[in-house]
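Protein chains: 2
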Amino acid sequence: MSTRVSANELHAFCMTALRTAGVSEAHSQITADVLVMTDTWGVFTHGTKLLRDYVKRVRGGGLRTDVEPQVVASGPAWSLVDGGSCLGHVTSVFAMQDAIERAKKSGIAYVGVKNSCHFGAAGYYAWLAAKAGLIGIAMANDIPSVAAAGSRRSVTGSNPIAYAVPNGNGDPILLDMAISTVAGGKVYAAYQRGEPIPDHWLLDSEGRPTTDSSLYPANGALTPMGDYKGYGIALLIESLSGLLTGASITWQVGSWIGSDPAKPTDHGAAFLAIDVNTIMPSDQFARRVNHLVDEIHQAPTADGVERLLLPGEREWNHRRKAMAGGIDLPSDVVAKLVGLADDLKLKAKWLGV
Amino acid sequence: MSTRVSANELHAFCMTALRTAGVSEAHSQITADVLVMTDTWGVFTHGTKLLRDYVKRVRGGGLRTDVEPQVVASGPAWSLVDGGSCLGHVTSVFAMQDAIERAKKSGIAYVGVKNSCHFGAAGYYAWLAAKAGLIGIAMANDIPSVAAAGSRRSVTGSNPIAYAVPNGNGDPILLDMAISTVAGGKVYAAYQRGEPIPDHWLLDSEGRPTTDSSLYPANGALTPMGDYKGYGIALLIESLSGLLTGASITWQVGSWIGSDPAKPTDHGAAFLAIDVNTIMPSDQFARRVNHLVDEIHQAPTADGVERLLLPGEREWNHRRKAMAGGIDLPSDVVAKLVGLADDLKLKAKWLGV
Numbered sequence: 134m135s136t137r138v139s140a141n142e143l144h145a146f147c148m149t150a151l152r153t154a155g156v157s158e159a160h161s162q163i164t165a166d167v168l169v170m171t172d173t174w175g176v177f178t179h180g181t182k183l184l185r186d187y188v189k190r191v192r193g194g195g196l197r198t199d200v201e202p203q204v205v206a207s208g209p210a211w212s213l214v215d216g217g218s219c220l221g222h223v224t225s226v227f228a229m230q231d232a233i234e235r236a237k238k239s240g241i242a243y244v245g246v247k248n249s250c251h252f253g254a255a256g257y258y259a260w261l262a263a264k265a266g267l268i269g270i271a272m273a274n275d276i277p278s279v280a281a282a283g284s285r286r287s288v289t290g291s292n293p294i295a296y297a298v299p300n301g302n303g304d305p306i307l308l309d310m311a312i313s314t315v316a317g318g319k320v321y322a323a324y325q326r327g328e329p330i331p332d333h334w335l336l337d338s339e340g341r342p343t344t345d346s347s348l349y350p351a352n353g354a355l356t357p358m359g360d361y362k363g364y365g366i367a368l369l370i371e372s373l374s375g376l377l378t379g380a381s382i383t384w385q386v387g388s389w390i391g392s393d394p395a396k397p398t399d400h401g402a403a404f405l406a407i408d409v410n411t412i413m414p415s416d417q418f419a420r421r422v423n424h425l426v427d428e429i430h431q432a433p434t435a436d437g438v439e440r441l442l443l444p445g446e447r448e449w450n451h452r453r454k455a456m457a458g459g460i461d462l463p464s465d466v467v468a469k470l471v472g473l474a475d476d477l478k479l480k481a482k483w484l485g486v
Numbered sequence: 134m135s136t137r138v139s140a141n142e143l144h145a146f147c148m149t150a151l152r153t154a155g156v157s158e159a160h161s162q163i164t165a166d167v168l169v170m171t172d173t174w175g176v177f178t179h180g181t182k183l184l185r186d187y188v189k190r191v192r193g194g195g196l197r198t199d200v201e202p203q204v205v206a207s208g209p210a211w212s213l214v215d216g217g218s219c220l221g222h223v224t225s226v227f228a229m230q231d232a233i234e235r236a237k238k239s240g241i242a243y244v245g246v247k248n249s250c251h252f253g254a255a256g257y258y259a260w261l262a263a264k265a266g267l268i269g270i271a272m273a274n275d276i277p278s279v280a281a282a283g284s285r286r287s288v289t290g291s292n293p294i295a296y297a298v299p300n301g302n303g304d305p306i307l308l309d310m311a312i313s314t315v316a317g318g319k320v321y322a323a324y325q326r327g328e329p330i331p332d333h334w335l336l337d338s339e340g341r342p343t344t345d346s347s348l349y350p351a352n353g354a355l356t357p358m359g360d361y362k363g364y365g366i367a368l369l370i371e372s373l374s375g376l377l378t379g380a381s382i383t384w385q386v387g388s389w390i391g392s393d394p395a396k397p398t399d400h401g402a403a404f405l406a407i408d409v410n411t412i413m414p415s416d417q418f419a420r421r422v423n424h425l426v427d428e429i430h431q432a433p434t435a436d437g438v439e440r441l442l443l444p445g446e447r448e449w450n451h452r453r454k455a456m457a458g459g460i461d462l463p464s465d466v467v468a469k470l471v472g473l474a475d476d477l478k479l480k481a482k483w484l485g486v
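So the sequence lines, in the order shown, correspond to chains H and E.
End of the first sequence sits at 486 in our numbering; the numbers just go up one at a time, nothing left out.
End of the second sequence sits at 486 in our numbering; the numbers just go up one at a time, nothing left out.
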């Protein structure tokens, strides 16, 4: 069961919802851009499905509509940004744009962020860099939801990280991942669909494997990808997003869904940009990327596999179809949007409300 | 079965071997430092065990003894280093030192490397940065040994990546990992011990799981950590270490063990350093790291687990014991060192030769 909607129509609905909640035209535009792009990639756990909860926090006052993110400290190749608790998407776009500008002059730049909130799909910000010809890396911390080897409860956030590498005129290589075996959104989506989960995704409150999706997040911890590796990468992300930025870390971070919507969550984030053209002529780099892409596409495949995909290739193909024929929103996303329309007394024919 | 030797004695043996093979005093010193430090961490797959094969390549001429690594292009926050096919450890220390110096001025720096070779444990170079008060990240590409989802053979290198975060006067947080489920060295060590391996480490030449450690590397591909995640991270490392540096990529890289020892391997590598003190006062950062470390040490543990460890904590504890009481070299390492002594007609009482 899915509902088809054009990207434009979905974007207009997001704009109306955000504007109705009191978000400025400019911030609404940025947020809608991020969420709809994410849905066109088919990453429905991190797209417009989340808008209802963002809007709750906007209306509660924990997400502010009267501030702009600001650079509070900087050098040529780095800056620290205070998001002022406006929408995390707005702060993240601001921060990655700052990283891109600085990297174009310095070759590389680091931008750390405090006073942010949940920023949706990390891949969007990495893609912003690749669109401008740079290699982009985006990451954020979050309230703990992931176990470490030997722990009884969550120790680190699922701490998303994404990167994008420009590929000439082709689709950027784009990976967006949580450091957990699977993203919490996938467990939550299974719970909403009333489905059990594979037994290596989640641990119960005693640290034992479980298939009960309802335990997440209150009574279950996601497993870290590759055991000590995912845990270790989580702490690198915490270091760059939280420790070095002055943002809250681990249990100090507010739950963007579960905590008092009147209070800021103070998520941290980090954005890295490396300007390809400063280091190697862009066309030479593009040829080298193309060579690698061709090699992977031509690699021998296992029985039943047509060809290997680059990271992001499935998402770019999904987006082309979505832009041509509309986005097929899964029922759990539609239910959230119907709820949002109800909260704000909005009408939307395509949603049936 | 292990053989105990002091770090000093092991270092002296490495120096003698390298000097005998024609390596300069300075290059021998750096290489011995890296290899012995790695053994003191208990990371025996990447320490002095590898010296015999490095020396073969030195004597073959593929690793050159008459060159120094050089910066061939640079800006304030980045450089490209040509290793000139000298020992990979020498080039890597040079490159990370360059990254550290640039980051102290710019906040962050990227140093890309070409014409390098196998560099041993990536963690050593990340640690160099942490020792100087910076966050360090080190990575390298390698000839493919790891499958991607749906592939029939290896597609990417096991592409090591390590990071280190300074922790005031305490041990740095230190993670060193391959993007495969386990490092190839572990499969090879199992083969040398005549042991089978768990069935999720390796795929056979048809892409099927296998426990036969003898298939690696010629007829088996390591599995990527976390499936598409490990594969995706491998391509980020390839991008920063290979594509952007001008080094060889994937199948162009020479096997540092298996290829003609007269030829360079042209591995690529990348080193990132972020100067904490430029961005946040070091003591403030140290307090924040300490807070995180304490929180993890005090976290509730599963039954039978005394306390959670930070990445690197096991290695730092191993090193303290090794420095106090000697290094217990496993028999596969000892066998390699005996072979090396035989190759070079060296005497070493502690080795029994």
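Glycine included, each C-beta is placed from N, C-alpha and C at the ideal position.
Can you list the residues of chain E that Tyr296 (chain H) reaches, using a CB-CB cut of under 7 Å? Leu369
Return no unless some Cβ of chain E is closer than 8 Å to the Cβ of Pro394 (chain H). no
Pop quiz: Pro75 (chain E) and Leu368 (chain H) are said to be a contact at Cβ under 8 Å. What is the actual Cβ separation, rounded to whole angstroms? What the structure shows of chain E is the stretch from 134 to 486, and residue 75 (chain E) is not part of that stretch, so it cannot be assessed.
Less than 8 Å between the CB atoms is what I'm expecting for Phe252 (chain H) and Gly221 (chain H), so what's the real figure, rounded? 4 Å
Answer with buried or exposed for Asp475 (chain E), where buried requires no fewer than 16 other C-beta atoms within 10 angstroms of its C-beta. exposed
What's the gap between the Cα of Ala323 (chain E) and the Cα of Leu462 (chain E)? Rounded to whole angstroms, Ala323 (chain E) to Leu462 (chain E) spans 16 Å at the Cα level.
Can you tell me which of H:Ser207, H:Pro293, H:Ser338 puts its alpha carbon nearest to the alpha carbon of His400 (chain H)? H:Pro293
Quick check on this structure: which residue in E:Val409, E:Ala140, E:Trp384 has the alpha carbon closest to the alpha carbon of Ser287 (chain E)? Measuring from the Cα of Ser287 (chain E), the nearest candidate turns out to be E:Trp384.
Say whether chain E places a C-beta atom closer than 8 Å to the C-beta of Ala411 (chain H). According to the sequence as given, residue 411 (chain H) is Thr; it is not Ala. Yes, its Cβ sits closer than 8 Å to a Cβ of chain E.
Any residues in the stretch 414-440 of chain E with a beta carbon nearer than 7 Å to a beta carbon of chain H? Which ones, in chain order? Here the close residues are Phe418, Arg421, Val422, Leu425, Glu428, Ile429, Ala432, Pro433, Thr434, Ala435, Val438.
Please list the terminal residues of the continuous beta strand (DSSP E) segment that includes Asp172 (chain E). Looking at the DSSP string, Asp172 (chain E) is not in any beta strand (DSSP E); the run it does join, the alpha helix (DSSP H), is 158-173.
Along chain E, in chain order, which residues have C-beta atoms closer than 8 Å to that of Thr314 (chain H)? Gly359
Counting only Cβ pairs nearer than 8 Å, list the residues of chain H close to Arg286 (chain E). Within chain H, the residues near Arg286 (chain E) are Ala432, Pro433.
I need the straight-line Cα distance from Gly266 (chain H) to Asn410 (chain H), nearest angstrom please. 8 Å
Cβ pair His179 (chain H), Ala254 (chain H) closer than 8 Å: Yes, the pair counts as a contact, with Cβ atoms nearer than the cut-off.
If Ala150 (chain E) sits next to Leu477 (chain E), beta carbons under 8 Å apart, how far is it from one beta carbon to the other, in whole angstroms? 6 Å
Kindly indicate if chain E contains any beta-carbon less than 8 Å away from that of Thr356 (chain H). no
In whole angstroms, what is the alpha-carbon distance linking Asp345 (chain H) and Val169 (chain E)? 47 Å
Return the first residue and the last residue of the alpha helix (DSSP H) that Leu423 (chain H) is part of. The sequence shown places Asn at residue 423 (chain H), rather than the Leu named in the question. Note, Asn423 (chain H): alpha helix (DSSP H), 415-430.
Give every residue of the same chain whose Cβ lies closer than 8 Å to the Cβ of Gln162 (chain H), excluding the five residues on either side of it in the sequence, and list them in chain order. Met148
Please report the Cβ distance between Ala140 (chain H) and Met456 (chain H), rounded to the nearest whole angstrom; I am assuming they are in contact, meaning their Cβ atoms lie under 8 Å. 6 Å
What are the uninterrupted segments assigned as alpha helix (DSSP H) that are 4 or more residues long and contained completely in the stretch 212-278 of chain H, given in chain order? 221-239, 255-264
Could you tell me the alpha carbon to alpha carbon distance between Gly217 (chain H) and Leu425 (chain E), rounded to whole angstroms? 24 Å
Can you give me the start and stop residues for the beta strand (DSSP E) that Tyr119 (chain H) sits inside? Nothing can be reported for residue 119 (chain H): it is not among the residues displayed for chain H, which extend from 134 to 486.
Under 8 Å between C-beta atoms, does Ser374 (chain E) make it to chain H? no
Take Cys250 (chain E) as the anchor and find which of E:Arg440, E:Ser388, E:Gly208 has the nearest alpha-carbon. E:Ser388
Measuring only the C-alpha atoms, how far is Pro394 (chain H) from Ala154 (chain H)? 14 Å
Straight-line CA distance for Arg440 (chain H) to Ala281 (chain E)? In this model, Arg440 (chain H) and Ala281 (chain E) are separated by some 11 Å (Cα to Cα).
Candidates H:Val191, H:Asp199, H:Ala242: which alpha carbon is nearest Phe404 (chain H)'s? Taking only the C-alpha atoms, the option nearest Phe404 (chain H) is H:Ala242.
Quickly, what does DSSP pair His400 (chain H) with across the bridge? List them, please. H:Ser249
What does Tyr243 (chain H) reach in chain E if we use C-beta pairs closer than 7 Å? Gly240, Ile241, Ile407
Residue from E:Ala232, E:Tyr187, E:Val466, E:Ile268 whose Cα sits closest to the Cα of Pro305 (chain E): Answer by Cα proximity: E:Ile268.
Check whether the Cβ of Ala281 (chain E) lies closer than 8 Å to any Cβ atom in chain H. yes
Quick one: grab the DSSP three-state call for Leu376 (chain E). DSSP, reduced to helix, strand and coil, places Leu376 (chain E) within a helical segment of the structure shown.
Give, in chain order, every residue of the stretch 249-264 of chain E whose Cβ lies closer than 9 Å to some Cβ of chain H. none
Pick out whichever of E:Phe146, E:Ile412, E:Trp260, E:Ala468 has its Cα sitting closest to the Cα of Arg326 (chain E). E:Ala468
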